[in-house]
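Just below is one structure, and these are the notes that go with it.
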Amino acid sequence: MSADQGPFIFTAMGVRIGILTGGGDCPGLNAVIRAVVRRAALEQNQVLGIRNGWRGLIEGDIHPLTRDSVVGILPRGGTILGTSRVNPENDAPTLERIHTHWKEFDLHALIVVGGEGTLRAARDMWRDHEYPVVGIPKTIDNDLCGTDFTFGFDTAVGVVTDAIDRLHSTAESHHRVMVVEVMGRHSGWIAAYGGIAGGADVVLVPEHPFRLSRVCQLLRHREEEGRAFSIVVVAEDAKPHVDEDFLSGETHAQIYRHDRLGGIGNFLALEIERSTGLETRVTTLGYVQRGGSPTAFDRVLATRFGVHGCEMVMNSEWGRMASLRGDKIVSVPLDDAVNNIKLLDEDIYRVAEIFFG
Ligand code: F6P
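First residue of the sequence shown: 2, per the numbering used here; consecutive thereafter.
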């Protein structure tokens, strides 16, 4: 790569920057795309949109993005570029295709907007093949290391909070337990923040395997005290403690699949009803958490990341990622982001726990 493309130090105008969005979609992706295009245009640099994540680079599905292409997209959910979970295989034919399209479209740099998997591929393309790559972190799960927050998370938490608010009134009217299953992959960020914001009575997260006996005790206690309804938030990867596992091996395999989690809420609700006799219902929020318009916080964060990502290209900060540290946007090595996932902060869990029961 480097021989074809030179030393990748751009102080001049006329740089051609590719941008792709990979992995699960997330509110704020369009805000990033818009910010990159607008920031690049200030220096007469050109942005090319790569469709459907890494797949577009492999297949050569690449199109210029102009100021007109990004008009009106700031408040829109999803991504105008499309996305996929395809990451480049590290084999000669795939690398050859990427190389061919890189040259054909005369790309000088690539901005990769993604979560852990997409950014790991970006890190590998820089580390192993010297592609001049810059990362921007996104995911509703907020489980990426190297940044305090990812955009999309605030919107997802807002959806969960709104749902819990609504579930309160129906749960109260019917004197029911409401189990609310939320996303978050292997971390409990969405569950804990949504649970705190919505005033949940129990929050179950992957970081703390739960005991059904304790959950039921809390719910019974609420009933005894005259609180005739309860809200239980359960993260999609929350698991029963091994000492009190009520799921069969087959059910485990069905709920905790590597590529797709979901279903713990239904099994938990059955067990709660069976153990306590309290009428219990389930709401699985699913993809509603990922869709729709980003909150103002996510629009601003995504816009700041986009501007910073573009400036990282201009400063040749390859193999690095835009990151939020405190209230500042900085850049960190992509390695920091992709080697581990960021589990829920224990301090946040402790706050949620104070309101259990
Ligand atoms: O990473 C975002 C996320 O929505 C997770 O919370 C969820 O487990 C997963 O993506 C669902 O992925 P898919 O879109 O492949 O079903």
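Idealized CB from N, CA, C, for every residue including glycine.
Practice task
Under 7 Å Cβ to Cβ from Ile355, same chain only, skipping five residues before and after it: list those, please.
Solution key: none
Practice task
Have a look at Met126 and Leu325 and give me their C-alpha separation to the nearest angstrom.
Solution key: 23 Å
Handout entry: Minimum length 3: unbroken beta strand (DSSP E) runs contained in the region 99-156
Key = 110-115 and 134-138
Handout entry: Whether Gly136 touches Met322 by CB criterion (9 Å)
Key = yes
Handout entry: Stretch pair the region 77-94 + the region 25-34: three plus CB contacts closer than 8 Å
Key = yes
Exercise for the section: Check whether the Cβ of Glu182 lies closer than 8 Å to any heavy atom of ligand 1, and answer yes or no. Expected result: no
Exercise for the section: Report yes or no: do the region 165-174 and the region 193-203 share at least 3 C-beta pairs separated by less than 8 Å? Expected result: yes
Problem - Minimum length 4: unbroken alpha helix (DSSP H) runs contained in the region 248-279 - result: 250-256 and 265-277
Practice task
Return the chain-ordered list of same chain residues with a C-beta closer than 6 Å to the C-beta of Ser85, the five sequence neighbours on each side being excluded.
Solution key: Asn53, Gly54 and Arg56
Handout entry: Sequence-distant residues of the same chain with beta carbon closer than 7 Å to Glu224, five excluded per side
Key = Leu279
Practice task
Could you work out which residue in Leu43, Val183 and Thr156 is closest to Phe298 when comparing CA atoms only?
Solution key: Thr156
Practice task
Alpha carbon to alpha carbon, how far is Gly189 from Thr281? Give it in angstroms, no decimals.
Solution key: 22 Å
Handout entry: Beta-carbon proximity of His109 to Pro138, cut-off 9 Å
Key = no
Exercise for the section: Please classify Arg17: does DSSP put it in a helix, a strand, or coil? Expected result: strand
Practice task
Can you tell me which of Leu302, Gln47, His187 and Pro210 puts its alpha carbon nearest to the alpha carbon of Asp244?
Solution key: Pro210
Practice task
Pull up the DSSP beta-bridge partners for Leu205, would you.
Solution key: Val235
Problem - Simplified DSSP assignment, three categories, for Leu49 - result: strand
Practice task
Compute the beta-carbon to beta-carbon distance between Arg291 and Asp26, rounded to the nearest angstrom, for a pair I have assumed lies under 8 Å.
Solution key: 6 Å
Exercise for the section: Using alpha carbons as the reference points, say which of Tyr194, Glu131, Ala172 and Asp107 lies closest to Arg351. Expected result: Tyr194
Handout entry: Neighbourhood of Asp346 by C-beta distance below 6 Å, restricted to the same chain and skipping five residues each side
Key = none
Problem - Cβ pair count under 8 Å reaching 3, the region 335-344 against the region 109-124 - result: yes
Problem - Which listed residue (Ser249, Arg68, Ala123 and Ala229) has its alpha carbon closest to that of His175 - result: Ala229
Exercise for the section: Could you tell me if the beta carbon of Gln435 falls within a distance shorter than 8 Å of some heavy atom in ligand 1? Expected result: Only positions 2 to 358 of the chain appear in this structure, which leaves residue 435 out of reach.
Handout entry: For Met315, the first and last residue of its enclosing alpha helix (DSSP H)
Key = Ala297 to Met315
Problem - Beta-carbon proximity of Gly23 to Asn88, cut-off 9 Å - result: yes
Problem - Cβ neighbour criterion (16 or more within 10 Å) applied to Ser3 - result: Here the model assigns Ser3 a pLDDT of 45, short of 50, so the residue's position is not dependable and the matter cannot be decided.
Practice task
Drop a sphere of 10 angstroms on the beta-carbon of Lys104, count the other beta-carbons inside from all chains shown, and report buried for 16 or more, exposed for fewer.
Solution key: exposed
Problem - Residues near Glu44 in its chain [Cβ-Cβ closer than 6 Å; skip 5 each side] - result: Met14
Handout entry: Cα-Cα separation, Ile34 to Glu251
Key = 43 Å
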